[in-house]
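Numbered per the numbering used here, the sequence shown spans residues 606 to 912.
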Amino acid sequence: MARRLTKRDRVLVSRCVHPDYRKVTETYLGGPTGGHFAEVAIGPDGTADASAVEAALTDDTACVLVGYPSFYGGLPDLARIARVAHARGALLVAACSEPYALSIAESPGVLARTSPSVKASPIACPPNFGGPGVGLFACRDERQYLQQLPGRLCGATVDGSGQRGFVLTLSTREQHIRRERATSNICTNQGLLALSLCIRMSMLGKRGFVETGKQCLAKAAYLRDQIAALPGYALTFKRTPQFNEFAVQVRGGSAARVCTALEEQNIIAGLDLGRVDAARADSLLIAVTERHTRPDLDRFVAALGNV
606 MARRLTKRDR
616 VLVSRCVHPD
626 YRKVTETYLG
636 GPTGGHFAEV
646 AIGPDGTADA
656 SAVEAALTDD
666 TACVLVGYPS
676 FYGGLPDLAR
686 IARVAHARGA
696 LLVAACSEPY
706 ALSIAESPGV
716 LARTSPSVKA
726 SPIACPPNFG
736 GPGVGLFACR
746 DERQYLQQLP
756 GRLCGATVDG
766 SGQRGFVLTL
776 STREQHIRRE
786 RATSNICTNQ
796 GLLALSLCIR
806 MSMLGKRGFV
816 ETGKQCLAKA
826 AYLRDQIAAL
836 PGYALTFKRT
846 PQFNEFAVQV
856 RGGSAARVCT
866 ALEEQNIIAG
876 LDLGRVDAAR
886 ADSLLIAVTE
896 RHTRPDLDRF
906 VAALGNV
C-alpha cells in the first residue's frame with residue numbers, strides 16, 4: 606500500500622520488528638538481492654533508533670516499518686520516527702505483535718498518524734505451531750489511503766424495511782479481473798477466526814480490554830523486579846518503557862542452558878535470543894500474560910534462582 610501511494614519501491618525495516626515479520630517482508634520484496642528491502646539497527650534501548658532511521662532514509666524509501674512494542678518488548682518514540690520519515694516523504698507502519706499493549710500505550714495513529722498492523726491471535730486463537738492466525742490493520746481515514754487497502758471494506762446500511770445491516774463495499778473481485786495489478790488476493794475463508802475474535806472482544810468490552818492490559822503490565826513489572834534481584838541476572842534494557850515482554854541476561858551467559866534446565870521442570874522459560882541473534886545468546890526474552898498467577902511467577906523465579 607505504501608509503495609503504491611508513494612510511487613517508491615524501497616522498504617526500510619527496523620531490526621526491532623519480529624524476525625519472522627522481517628523475513629516474510631524481505632521475501633515479498635524479492636529477497637536480499639531485490640534491492641527493495643533494507644534493515645536498520647536498533648538503538649541501545651532495544652527499540653527503533655530514530656537517528657539510524659534518518660541516516661538510512663533515501664529518496665526512494667516508501668515506508669519505515671517499526672515494532673510497537675518492539676520485538677524486545679520496548680516502546681519506541683513513534684512520534685519522532687514519524688517526523689523523520691515524513692520529512693523525506695516516506696510513510697510509517699507500526700507492527701503491533703501484542704494487541705493488549707494498545708489498551709495501555711498510546712495508539713500509533715494518535716502518536717504518528719501511522720498505519721498500524723496488529724497481530725490479534727492472542728485474543729482469538731489458542732497457541733499453535735504456525736497457524737492459523739488473525740490480524741487487524743488500519744490506515745489514515747482519507748480516501749487515497751482507503752482505496753489502497755487490500756481485502757474488503759464492510760459498511761453499515763439499512764435495508765428496505767429499515768433494518769440495520771452490513772454490506773461489502775469497494776469489493777470488486779479484482780483478483781479475477783485485474784490479475785497481477787490486483788490489490789487483493791484473499792480467497793481463503795477465515796470466518797471462524799473472525800467470529801472467535803468478535804466473541805472475545807464482545808465478552809471483554811472496552812473496560813475488560815483495558816483491565817487485561819493492566820494485568821499484563823502489572824504482572825510483568827512484578828516478575829521483572831523479582832528476576833532483576835536474583836544474583837547473576839540483569840535486565841538487558843534497563844530504562845526502556847515496556848509492556849509485558851522484557852529481555853534478561855542470565856546467570857552463566859547461556860540462555861539455551863537455562864531453557865533446557867527449566868524445561869525439565871515443565872516450565873517454558875522464554876525465548877533464547879541466541880536463536881535469532883548470536884550476539885544475544887546470553888539473553889532470554891520473557892513474556893507475561895493475564896493468565897499467569899502470582900504462584901506461577903514465584904515458581905518461575907525460584908526455578909531461575911536454582912539454575
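In this text, a Cβ means the ideal position worked out from N, Cα and C, and glycines have one as well.
For G672 and S766, I'd like the C-alpha separation in whole angstroms. Cα-Cα distance, rounded: 46 Å.
Give me the DSSP bridge partner(s) of V772. Per DSSP, G760.
Does the Cβ of P900 have 16 or more other Cβ atoms within 10 Å, making it buried, or fewer, making it exposed? Counting Cβ neighbours within 10 Å, P900 comes out exposed, since fewer than 16 surround it.
Express the C-alpha separation of F905 and G857 in angstroms, rounding to a whole number. Going by the C-alpha atoms only, they are around 17 Å apart.
Taking contact to mean 3 or more Cβ pairs, one atom from each stretch, closer than 8 Å, check whether the segment 624-631 and the segment 645-663 are in contact. Using a Cβ-Cβ distance cut-off of 8 Å, the segment 624-631 and the segment 645-663 are not in contact, since fewer than three pairs of beta carbons, one from each stretch, lie closer than that value.
Return the residue from the list V772, S859, Q854, A607 that minimises the CA-CA distance to P721. In terms of Cα proximity to P721, the closest of V772, S859, Q854, A607 is A607.
In three-state DSSP terms, what is P737? Here P737 sits in coil by DSSP.
Please report the distance separating the alpha-carbon of G648 from that of L662. Rounded to the nearest angstrom, the two C-alpha atoms are 16 Å apart.
Rounded straight-line distance, which links the Cα of G679 to that of G694: Taking the straight line joining both Cα atoms gives about 26 Å.
Please report the distance separating the alpha-carbon of Y827 from that of R748. If I take the Cα positions, the gap works out to 45 Å.
Nearest candidate by alpha-carbon position, reference E895, set A706, L617, G910: Ranking the options by Cα distance to E895, first place goes to A706.
Is the Cβ-Cβ distance between L924 and G910 less than 9 Å? The question about residue 924 has no answer here: the residues shown for the chain are numbered 606 through 912.
Burial state of Y633 (16 or more Cβ within 10 Å): Result: exposed.
S675 classed as buried or exposed, judged by whether at least 16 other C-beta atoms fall within 10 angstroms: With 16 or more Cβ atoms within 10 Å of its Cβ, S675 is classed as buried.
Grab the span of the alpha helix (DSSP H) containing A655 for me, first residue to last. Per DSSP, A655 belongs to the alpha helix (DSSP H) from 655-661.
Rounded C-beta distance between I709 and L822? I'm assuming under 8 Å. Right, their Cβ atoms sit about 6 Å apart.
Counting along the chain, where does the beta strand (DSSP E) carrying C701 start and finish? First-last of the beta strand (DSSP E) with C701: 696-701.
When you compare only the Cα positions, how much space is there between T845 and D650? One C-alpha to the other measures close to 6 Å.
Per DSSP, which one or two residues make a beta bridge with C668? DSSP lists V616, L696 as partners of C668.
Considering only the alpha carbon of each residue, which of L741, R769, A839, L697 lies closest to C803? Ranking L741, R769, A839, L697 by Cα distance to C803 puts L741 first.
In whole angstroms, what is the alpha-carbon distance linking G796 and G837? One C-alpha to the other measures close to 48 Å.
Using only CA atoms, which one of G714, V645, R862 lies nearest to G879? Nearest option by C-alpha distance: R862.
Rounded to a whole number of angstroms, what is the C-alpha to C-alpha distance between L696 and E659? C-alpha of L696 to C-alpha of E659: approximately 13 Å in a straight line.
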